[in-house]
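Heads up: take any position in the sequence shown, counting from 1, add 16, and you land on the working numbering.
In this text, a Cβ means the ideal position worked out from N, Cα and C, and glycines have one as well.
Bear in mind that the values here come from a model prediction, so they are computed numbers and not experimental data.
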Amino acid sequence: MKPFTPLYFWLVLLISSSVSGTLQAQKLTLDVYRAKVVTYTGERYRGLLEDLTDTELLLSDQHGHRIDEEIPLREIRKVVIRRTSKKSAIITGSIIGGLAAGFASYKSLQRNQPSSAINYGITLTFAAAGGAAAGLVVGSFVNNLSSRSIRPLDLSNPELSLYRQLEPFTVRYQQDLFNRIPQTR
Numbered sequence: 017m018k019p020f021t022p023l024y025f026w027l028v029l030l031i032s033s034s035v036s037g038t039l040q041a042q043k044l045t046l047d048v049y050r051a052k053v054v055t056y057t058g059e060r061y062r063g064l065l066e067d068l069t070d071t072e073l074l075l076s077d078q079h080g081h082r083i084d085e086e087i088p089l090r091e092i093r094k095v096v097i098r099r100t101s102k103k104s105a106i107i108t109g110s111i112i113g114g115l116a117a118g119f120a121s122y123k124s125l126q127r128n129q130p131s132s133a134i135n136y137g138i139t140l141t142f143a144a145a146g147g148a149a150a151g152l153v154v155g156s157f158v159n160n161l162s163s164r165s166i167r168p169l170d171l172s173n174p175e176l177s178l179y180r181q182l183e184p185f186t187v188r189y190q191q192d193l194f195n196r197i198p199q200t201r
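Put into structure tokens, the structure is as follows:
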């Protein structure tokens, strides 16, 4: 049987924190998307994807107030959407960065043994924390680059094509999905 080492302590701490974070991350939240709409006439609109009818796209501002104009789907040339929350990208970047830097530090510490177990644990912890911080920055940057451009695919019926592509990103659609989930006590 191997003696208790800082590596085992670090692994237990990492696994327990990831499990508790996973349990907390299961809350139902809406993914809100920002939209930039370009029409065939050259008009541009910006706002949050609020609702969608069979013929019109409804946008709202940051405070949830609807923008006065309703944009007809037949006039839309393209819609560029981007998620407003960076939370999942930042968390993923931090986890990957921390694990990568921690593993690299662990392999390096196997070749160059530190003078004591305390130095071993401190070096490993600070390397993982530095990797997590770097991963946080990279995750935030990558989230800014990710956007989705939606154009009408079927030119014979552009309204239906845009409706089917945009519907899952609207706030109303996501609220309807959450309302269908049975509430447990």
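Could you name the residues of the same chain whose beta carbon sits closer than 7 Å to that of P88, not counting the 5 residues immediately before and after it, in chain order?
So the list reads T71, E72, once near-sequence residues are dropped.
Specify the secondary structure class of L46 as computed by DSSP and reduced to three states.
In the structure shown, L46 sits in coil (DSSP, three-state: anything other than H, G, I, E or B).
What residue from N195, S131, R98, V48 has the CA that sits closest to V158's CA?
The candidate whose alpha carbon is nearest that of V158 is R98.
Between the CA atoms of S110 and L39 - distance to the nearest angstrom:
Note that L39 scores 48 on pLDDT, short of 50, meaning its location in the model is unreliable; the coordinates nonetheless yield the value given after this. Cα to Cα, L39 sits roughly 18 Å from S110.
Quick check for students: name the residue ranges of the beta strand (DSSP E) that lie wholly in the segment 129–200, counting only runs of 3 or more.
If we require 3 residues or more, the beta strand (DSSP E) runs fully inside the segment 129–200 come out as 164–166.
Cβ pair R62, V53 closer than 9 Å
In terms of Cβ geometry, R62 and V53 form a close pair [threshold 9 Å].
Applying the 10 Å Cβ sphere with the 16-neighbour rule, what's the burial state of V153?
Flag for V153 reads exposed.
Which residues in the same chain as L193 place their Cβ atom closer than 7 Å to its Cβ, once the five residues preceding and following it in sequence are excluded?
Cβ neighbours of L193 beyond the five flanking positions: none.
Simplified DSSP assignment, three categories, for E85:
When DSSP states are grouped into helix, strand and coil, E85 belongs to the coil group.
Sub-9 Å separation of L178 and P168 beta-carbons:
With respect to P168, L178 sits close: the two C-beta atoms are nearer than 9 Å.
If you drop the 5 nearest sequence neighbours on each side, which residues of the same chain put their C-beta closer than 7 Å to that of G118?
Counting only residues of its own chain and dropping the five nearest sequence neighbours on each side, G118 has a CB closer than 7 Å to the CB of L140, A143, A144, G147.
Would you report the Cα separation of K94 and I107, rounded to the nearest angstrom?
If I take the Cα positions, the gap works out to 31 Å.
Cβ-Cβ separation, E85 to T186 (assumed contact under 8 Å), whole Å:
Not a contact, Cβ separation roughly 17 Å.
Let me make sure I understand the geometry here. Which of R60, G151, P184, L75 has the alpha-carbon closest to that of A105?
Ranked by Cα distance from A105, the first of R60, G151, P184, L75 is G151.
Only counting the same chain, and skipping five residues up and downstream in sequence, which positions put a Cβ closer than 7 Å to that of S165?
The residues are K94, V96.
Mapping DSSP to helix, strand and coil, what is E59?
Reduced to three states, the DSSP call for E59 is coil.
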